[in-house]
Each structure stands twice: as C-alpha cells, then as structure tokens.
Amino acid sequence: MIGDEGEQIGVMPPFEALKLARSKNLDLVEISPTAQPPVCRIMDYGKYLYQQEKKEREAKKHQKTITVKEVKFRINVDDHDYETKKNHVLRFLDGGDKVKATIFFRGREMTRTGLGRQILERLIKDVEPHSIVEFRPRQEGNTLHAILAPKKTAAEREKEREKEAKAKAKLEKKLAQEKDKAAEPKQPASAAAEEIEAPTTVSHG
342 MIGDEGEQIG
352 VMPPFEALKL
362 ARSKNLDLVE
372 ISPTAQPPVC
382 RIMDYGKYLY
392 QQEKKEREAK
402 KHQKTITVKE
412 VKFRINVDDH
422 DYETKKNHVL
432 RFLDGGDKVK
442 ATIFFRGREM
452 TRTGLGRQIL
462 ERLIKDVEPH
472 SIVEFRPRQE
482 GNTLHAILAP
492 KKTAAEREKE
502 REKEAKAKAK
512 LEKKLAQEKD
522 KAAEPKQPAS
532 AAAEEIEAPT
542 TVSHG
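In this text, residue positions in the sequence shown follow the numbering used here: the first is 342, and each later residue adds one.
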C-alpha cells in the first residue's frame with residue numbers, strides 16, 4: 342500500500358485501505374494487480390487522468406509529423422523546369438518532410454526508362470548535401486520513383502536556425518552601431534592647432 346504522498350504504508354486489508362482513502366476524500370487505485378500481494382495507491386484518480394492527458398498533449402506538440410511530398414518530373418524536362426522542381430525538393434527536405442520524386446512514362450516513353458533513371462540519379466546527386474536516399478530509383482509499372490529523406494533531424498535544423506538568427510542579430514547590431522558612429526558630429530579641432538603663431542620681434546635698446 343502506497344500513500345497519497347508516495348510513502349510506503351505497508352500491507353493492510355482492502356476494506357481498511359479503502360476506508361483510509363475515503364477519509365482523505367481520495368481514491369484507492371490498484372497499480373500492480375499481478376504483484377503478491379497486489380499493490381494499491383491512494384490518489385486523486387481524476388486529477389491523475391487529467392495530468393496524464395496533459396502530458397500526452399504536450400508530447401504531441403513537440404512531435405513533428407513527417408509527410409511524404411511528391412514532386413513529378415517528365416523525361417523531357419528542360420533545365421529551367423528541372424531547377425524549379427529541384428528547389429521544391431530542397432524546400433520540402435528543409436521543412437523536415439520526405440520527398441517522393443516520380444517520373445510517369447506515357448505510351449512510347451516506356452522505351453526510354455533509362456532517361457528517366459538518369460534524371461532521378463541527377464536529382465539525387467544535386468540534393469545529396471541535404472538528403473539521404475531511402476529508396477534508389479525503382480520502377481513499378483509505368484512509374485519510376487525514388488524516396489529522399491532529410492539528412493538533418495528536426496532538432497538539428499532548429500539549432501541551425503537559432504544559430505543563423507543569432508548571427509544575423511549580431512551583424513545587424515554591429516551595422517547599427519557603425520551607422521550611429523558615422524552620424525555623430527565630428528569634434529572641432531583645437532583652436533591652438535589652427536592658429537598660426539605670429540613671429541616675435543625682439544628689439545635691442
């Protein structure tokens with residue numbers, strides 16, 4: 342038997358334990374029914390459930406749901422379109438999401454699957470600093486796809502963003518100080534330095 346303050350009360354009959362819990366307007370909760378004898382604790386069960394629910398909500402707040410974003414390519418993609426789609430891939434990876442790069446083959450394009458594989462291999466190489474390859478290009482029917490995952494964890498990305506923000510704030514502060522310094526009126530030179538000393542004439546009587 343464990344008390345409501347976590348203290349060990351010891352073995353006691355169930356009716357006495359229940360009587361003790363009720364005397365404190367609390368509940369008697371069986372926390373280890375398989376133990377011999379079973380272990381019970383005096384607690385506010387409603388409050389306990391509320392605290393557990395609160396902890397779960399807090400835990401969920403800090404969890405990042407990883408989604409898979411799909412970016413579609415064509416085998417006749419030009420360089421401009423390729424760069425645009427590559428930037429989409431990088432943005433998704435930076436946001437902590439996985440990316441499914443897909444190429445659909447239509448009709449006679451099925452005879453040129455090698456070209457599609459080259460495009461995906463080029464993409465994998467271009468985004469290598471930011472990603473890890475979960476699945477290399479593989480074909481399923483008329484579709485060729487590869488799965489890329491972010492190289493950095495959410496915690497690492499957050500730490501990096503904080504570091505960049507601090508560096509930016511430091512630079513802005515430095516520039517502001519230099520600007521204020523440049524705006525300060527210059528001190529006039531001392532009058533003594535500006536005066537030209539007149540020659541002194543000595544007369545001998």
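Glycine is no exception: its CB is placed at the ideal position from the N, C-alpha and C atoms.
Residue burial annotation: F356 is exposed, with fewer than 16 other C-beta atoms found within 10 angstroms of its C-beta. Scanning E450, M342 and G347 for the CA closest to the CA of A376 turns up M342. If you look at K360, you'll find it in the alpha helix (DSSP H) that goes P355 to S364. In the displayed model, E348 falls within coil according to three-state DSSP, outside both helix and strand.
In the displayed model, L367 falls within coil according to three-state DSSP, outside both helix and strand. When rounded, the separation of the alpha-carbon atoms in I372 and G437 is 40 Å. Around the C-beta of H421, fewer than 16 other C-beta atoms lie within 10 Å, and the residue is accordingly described as exposed. The C-alpha of N417 is placed about 21 Å away from the C-alpha of V440.
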